[in-house]
Amino acid sequence: MKSRIVDNILITLLVGGLGLFSSCEGFMDDFLDTTEGSQTEVNYFETENRVDRGIGAIYSQVGILYGTNMESGAFATGPLCRIWSLPGDELTIDRPTMLEFEAFENLQNDHGNIWSYWCVLYTIIGRANFMLDILDDPSNYSSDISQEHINNCKGEALFMRAFCDIRLFYNFHKAPNQNMRITSVDGNMVGPSEGFELLDQAIGDLIQAEELLPESWDSANKGRVFKNSARGLLTKAYVLRACYANKYNGNAEEDYKNAISAFERISQVSTIEGVNFSDNFDYEKENNQESLYEYQASFNISEDNPWLNGNQGSNSAQIGVMWFQFRNDSYNYMISDATFGPTQKFVDIFEEGDPRFEETFCDRRTDENWNKFNGYQFYKYNKRDGALDATYNTMSRNNPRILRLADVKLLVAEAYLQTGQEPKAREQVNDIRRRARGDISDVPADYVSAIGMQQIMDERMRELGGEDDIRITDLKRWHVAGYIDLADWARDPENQWGYPYNDDISFKFDPNRDLLFPIPTEEMNSNPLMQNSGNNPGY
303 MKSRIVDNIL
313 ITLLVGGLGL
323 FSSCEGFMDD
333 FLDTTEGSQT
343 EVNYFETENR
353 VDRGIGAIYS
363 QVGILYGTNM
373 ESGAFATGPL
383 CRIWSLPGDE
393 LTIDRPTMLE
403 FEAFENLQND
413 HGNIWSYWCV
423 LYTIIGRANF
433 MLDILDDPSN
443 YSSDISQEHI
453 NNCKGEALFM
463 RAFCDIRLFY
473 NFHKAPNQNM
483 RITSVDGNMV
493 GPSEGFELLD
503 QAIGDLIQAE
513 ELLPESWDSA
523 NKGRVFKNSA
533 RGLLTKAYVL
543 RACYANKYNG
553 NAEEDYKNAI
563 SAFERISQVS
573 TIEGVNFSDN
583 FDYEKENNQE
593 SLYEYQASFN
603 ISEDNPWLNG
613 NQGSNSAQIG
623 VMWFQFRNDS
633 YNYMISDATF
643 GPTQKFVDIF
653 EEGDPRFEET
663 FCDRRTDENW
673 NKFNGYQFYK
683 YNKRDGALDA
693 TYNTMSRNNP
703 RILRLADVKL
713 LVAEAYLQTG
723 QEPKAREQVN
733 DIRRRARGDI
743 SDVPADYVSA
753 IGMQQIMDER
763 MRELGGEDDI
773 RITDLKRWHV
783 AGYIDLADWA
793 RDPENQWGYP
803 YNDDISFKFD
813 PNRDLLFPIP
823 TEEMNSNPLM
833 QNSGNNPGY
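The opening position of the sequence shown corresponds to residue 303 in our numbering, with each subsequent residue numbered one higher.
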């Protein structure tokens, strides 16, 4: 069931001259015109519903990460899925295009996708900062609204800010830590973050969010983050920080212990028991008990137009998500006529008898209309009928599962292993393997002898491969931690990256450059503090 807050995707108030913008500027000028005499923050938040609209405006921006982004403006750079789907070793494309992400070839700091991604993250942060500023002062909202609800909403804003800061850390590292509402031109200029600054901000926000969020929401508010959402993302943040401990003089053992503590606070409200692996990709089984956070995709009243993003606020603007990159679809011209699909490495990682194979791939080796990816199609979000908008047959109402418990369980398995608790690590991995096999009794699930990082890394690929921003982030943090060497992968004749093309198109991964994206040109040009610090290495 969809949350009621997606019915109130955007209120012009929240983007109309109220200081919502991040260190990037000028990309939402179409929202800056306000009608004289219209409501402002001083008199708007008179009801609980209006506060919820402000929180809903934070959530709604996440939809741009999963949309087509063909509208005019800063987001008109095409789908952003390419920047987290193609750099990994589990997904690829059926032709040599988009090589800047697929083959790490010649990515520049003026690339539109990088700028658009940066803008989305800072817009979410800006909206979160605005609502935190509003809710910190009781004079801004009606006294009829309960303090409990105000606290819940603060927790949501903190969670969403942390969600963005974590992504800024592992994609850009030195991105500005914009942790307060912008109310002046001077406040718009924030210098580069250093070391763990962004990740520390996220961890602090999540600790507060855990205290403020409810244990659960009622059925009318499903899809809003809750305490276990904060605990799950906190586990992820601590494991991420542990992996970067040597790079930034951190304390890996302490971070792993904190990750374990956050995980062990997750209540039985969230569990994989009773949730089939396939339920996590079925639009009829959204927001199930394994789900910790998912974007609430839907269809607009008139149509879900892929050419209009959700900021339009109209009854035909896109609020669904785009999964057509995995289909042989006429709309693939939006992504250079390419189709995304599995590498052979991804196909081969599954053990015989693992039911996740058929839920992850469609075997089309005998289909004469499908001559891609050695006959396999990546299928997680497209297997079930009825999820597509009837008008364009392009946008989907099938929620992206951004954070689910299986991901967190496999992360804490790493933490247990690295703190000398191998049996507990194995227990988490075996839980995932048993769930995958269900009632199939003739296929062994459990590892019965000690496991190491390789078993955990392989299980993460089987369970989470192709899902949002997981695999490439795993590869980068494992490289930094020393568990793998991606430089050796790039030179390996067995092609550990799964790169499918001939030798005439070179694979140019360089760990000194390609663990990070460049800081966008627009940010460098408009922010002297960032410009003076220089770009990320290699750009």
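Glycine included, C-beta positions come from ideal geometry on N, C-alpha and C.
Check your understanding: Just to confirm, are ILE704 and TYR597 a CB contact at a threshold of 8 Å?
Key -> Numbered from its first residue, the sequence shown carries residue 704 at position 402. Numbered from its first residue, the sequence shown carries residue 597 at position 295. Cβ distance < 8 Å, so ILE704 and TYR597 count as in contact.
Exercise for review: Could you check the C-alpha separation between SER600 and MET624 for me, to the nearest Å?
Suggested key: Locating residue 600 in the sequence shown gives position 298, counting from the first residue. Locating residue 624 in the sequence shown gives position 322, counting from the first residue. Their Cα atoms are separated by approximately 11 Å.
Point to revise | For SER445 and GLU769, the rounded distance between their alpha carbons | key: If you number the sequence shown from 1, residue 769 lands on position 467. If you number the sequence shown from 1, residue 445 lands on position 143. Cα to Cα, the separation comes out at about 42 Å.
Practice item. Can you grab the Cα-Cα spacing for the pair ILE637 / CYS383, in whole Å? Key: If you number the sequence shown from 1, residue 637 lands on position 335. If you number the sequence shown from 1, residue 383 lands on position 81. Going from the Cα of ILE637 to the Cα of CYS383 covers about 10 Å.
Practice item. Please say whether GLY534 and PRO773 have beta carbons closer to each other than 8 Å? Key: Within the sequence shown, the letter at position 471 stands for residue 773. Within the sequence shown, the letter at position 232 stands for residue 534. The residue asked about is misnamed: residue 773 is Arg in this sequence, not Pro. Contact: no.
Review point. Bridge partners of MET644, per DSSP?
Key: As a first step, residue 644 is located in the sequence shown; it is residue number 342 there, counting from the start. The question names Met, but residue 644 in the sequence shown is Pro. In the DSSP assignment, PRO644 forms a beta bridge with LEU393.
Point to revise | 3 or more residues per run - each beta strand (DSSP E) lying fully within the segment 744-813 | key: With a minimum length of 3 residues, there is no unbroken run of beta strand (DSSP E) contained wholly in the segment 744-813.
Review point. Do three or more CB pairs link the segment 755-765 to the segment 713-721 at distances below 8 Å?
Key: The segment 755-765 vs the segment 713-721: in contact.
Review point. Roughly how many angstroms lie between the CA atoms of SER521 and HIS451, to the nearest whole one?
Key: Mapped onto the sequence shown, residue 521 falls at position 219. Mapped onto the sequence shown, residue 451 falls at position 149. Distance from the CA of SER521 to the CA of HIS451, rounded to the nearest whole angstrom, comes to 16 Å.
Point to revise | Per DSSP, the bridge partner or partners of ARG703 | key: Translated into positions along the sequence shown, residue 703 becomes position 401. Paired residues: GLU596.
Review point. In its own chain, which residues sit with a C-beta less than 6 Å from the C-beta of GLU586, not counting the 5 before and 5 after it?
Key: The residue labelled residue 586 in the question sits at position 284 within the sequence shown. The answer is none, since no qualifying residue turns up.
Practice item. Could you tell me whether the Cβ atoms of ASN700 and TYR681 are closer together than 8 Å? Key: As a working mapping, residue 700 is identified with position 398 in the sequence shown. As a working mapping, residue 681 is identified with position 379 in the sequence shown. Going by C-beta atoms, ASN700 is not nearer than 8 Å to TYR681.
Point to revise | Which of helix, strand or coil DSSP assigns to SER572 | key: For the purposes of this step, residue 572 is identified with residue 270 of the sequence shown, where counting begins at 1. SER572: coil per DSSP, three-state reduction.
Practice item. Kindly list the residues whose CB is nearer than 7 Å to the CB of SER324, restricted to its own chain and excluding five residues on each side of it in sequence; keep chain order. Key: Mapped onto the sequence shown, residue 324 falls at position 22. Note that SER324 has pLDDT 32, beneath the 50 cutoff, so the model's placement of it is unreliable and no number is given.
Check your understanding: Going by DSSP, what residues sit across from CYS664 in a beta bridge?
Key -> Mapped onto the sequence shown, residue 664 falls at position 362. CYS664 pairs with GLN679.
Review point. So, helix, strand or coil for SER698, using DSSP?
Key: Start at 1 with the first residue of the sequence shown, and residue 698 comes out as number 396. SER698: strand per DSSP, three-state reduction.
Practice item. Go through its chain and collect everything with a Cβ distance to PHE249's Cβ below 7 Å, but skip five positions before and after it. Key: In the structure displayed, the chain extends from 303 to 841; residue 249 sits before or after that span and is not available.
Check your understanding: Taking the C-alpha atoms as reference points, what is the distance between ASP787 and PHE809?
Key -> Indexing the sequence shown from 1 puts residue 787 at position 485. Indexing the sequence shown from 1 puts residue 809 at position 507. As the crow flies, the alpha-carbon of ASP787 is around 16 Å from that of PHE809.
Exercise for review: Compute the Euclidean distance between the alpha carbons of THR349 and ASN814, then round it to the nearest angstrom.
Suggested key: Here residue 349 refers to the residue found at position 47 when the sequence shown is read from its first residue. Here residue 814 refers to the residue found at position 512 when the sequence shown is read from its first residue. If you take the alpha carbons of THR349 and ASN814, they lie about 52 Å apart.
Point to revise | CB contact flag (ASP748, ARG737, <8 Å) | key: In the sequence shown, the residue the question calls residue 748 occupies position 446. In the sequence shown, the residue the question calls residue 737 occupies position 435. 8 Å or more divides the Cβ of ASP748 from the Cβ of ARG737.
Practice item. State the Cα-Cα distance for the pair GLN355 and PHE583, rounded to the nearest angstrom. Key: Indexing the sequence shown from 1 puts residue 355 at position 53. Indexing the sequence shown from 1 puts residue 583 at position 281. Residue identity differs from the one stated: residue 355 is Arg in this sequence, not Gln. For ARG355 and PHE583, the distance between alpha carbons rounds to 28 Å.
Review point. By how many angstroms is the C-alpha of ARG706 removed from the C-alpha of VAL577?
Key: Walking along the sequence shown from the start, residue 577 turns up at place 275. Walking along the sequence shown from the start, residue 706 turns up at place 404. Going by C-alpha positions, VAL577 is about 11 Å away from ARG706.
Practice item. Jot down the residue ranges of each uninterrupted beta strand (DSSP E) in the segment 377-439, minimum 3 residues, whole runs only, in chain order. Key: Segments of the beta strand (DSSP E) lying fully in the segment 377-439: 393-395.
Point to revise | Cα-Cα separation between ASP439 and SER618, rounded to whole angstroms | key: Here residue 439 refers to the residue found at position 137 of the sequence shown. Here residue 618 refers to the residue found at position 316 of the sequence shown. Answer to the nearest angstrom: the Cα atoms are 36 Å apart.
Practice item. Could you check the C-alpha separation between ILE395 and THR662 for me, to the nearest Å? Key: As a first step, residue 395 is located in the sequence shown; it is residue number 93 there, counting from the start. As a first step, residue 662 is located in the sequence shown; it is residue number 360 there, counting from the start. Their backbone Cα atoms lie some 16 Å apart in a straight line.
Review point. What does a CB cutoff of less than 7 Å around ARG762 pick up in its chain, not counting 5 residues either side in sequence?
Key: For the purposes of this step, residue 762 is taken as the residue at position 460 of the sequence shown. So the list reads LEU712 and ASP776, once near-sequence residues are dropped.
Point to revise | Identified DSSP bridge partners for MET832 | key: Here residue 832 refers to the residue found at position 530 when the sequence shown is read from its first residue. BP columns for MET832 are empty, so no partner.
**Study point:** Rounded distance between the beta-carbons of GLY767 and GLU392, thought under 8 Å
**Key:** As a working mapping, residue 392 is identified with position 90 in the sequence shown. As a working mapping, residue 767 is identified with position 465 in the sequence shown. Contact between GLU392 and GLY767 is confirmed by a C-beta separation of about 4 Å, below the 8 Å threshold.
**Study point:** C-alpha gap between LEU831 and PRO494, whole angstroms
**Key:** The count along the sequence shown starts at 1 and reaches residue 831 at position 529. The count along the sequence shown starts at 1 and reaches residue 494 at position 192. Looking at the backbone, the Cα of LEU831 and that of PRO494 are separated by about 7 Å.
Review point. Who are the near neighbours of GLN363 in its chain, counting only those whose CB is closer than 7 Å to its CB and skipping five residues on each side?
Key: Within the sequence shown, the letter at position 61 stands for residue 363. Its chain contains VAL422, THR425, ILE426 and ARG429 as the residues whose beta carbon lies nearer than 7 Å to that of GLN363, once the 5 sequence neighbours on both sides are disregarded; these appear in chain order.
**Study point:** Continuous alpha helix (DSSP H) stretch holding HIS475: start and end
**Key:** Walking along the sequence shown from the start, residue 475 turns up at place 173. Boundaries cannot be given for HIS475, as no alpha helix (DSSP H) includes it and DSSP labels it neither H nor E.
Point to revise | Neighbourhood of GLN503 by C-beta, 7 Å cutoff - its chain only, sequence neighbours within 5 removed | key: The residue labelled residue 503 in the question sits at position 201 within the sequence shown. ASP467, ASN479 and ASN481, listed in sequence order.
Check your understanding: To the nearest angstrom, how far is it from the Cα of GLU556 to the Cα of GLY622?
Key -> Within the sequence shown, numbered from 1, the residue matching residue 556 stands at position 254. Within the sequence shown, numbered from 1, the residue matching residue 622 stands at position 320. Looking at the two C-alpha atoms, the distance is approximately 41 Å.
Point to revise | Other residues of its chain near PRO820: CB distance less than 6 Å, five sequence neighbours each side excluded | key: If you number the sequence shown from 1, residue 820 lands on position 518. Closer than 6 Å at the Cβ level, and outside the excluded window around PRO820, lie ASN411, ASN837, ASN838 and TYR841.
Check your understanding: What does LEU690 pair with, by DSSP beta-bridge criteria?
Key -> Counting from 1 along the sequence shown, the entry for residue 690 is found at position 388. Residue pairing by DSSP places LEU690 opposite SER698 in a beta bridge.
Review point. From ASP816, LYS529, GLU765 and ILE447, pick the residue whose C-alpha is nearest to that of GLU653; which is it?
Key: Locating residue 653 in the sequence shown gives position 351, counting from the first residue. Among ASP816, LYS529, GLU765 and ILE447, the Cα nearest to that of GLU653 belongs to GLU765.
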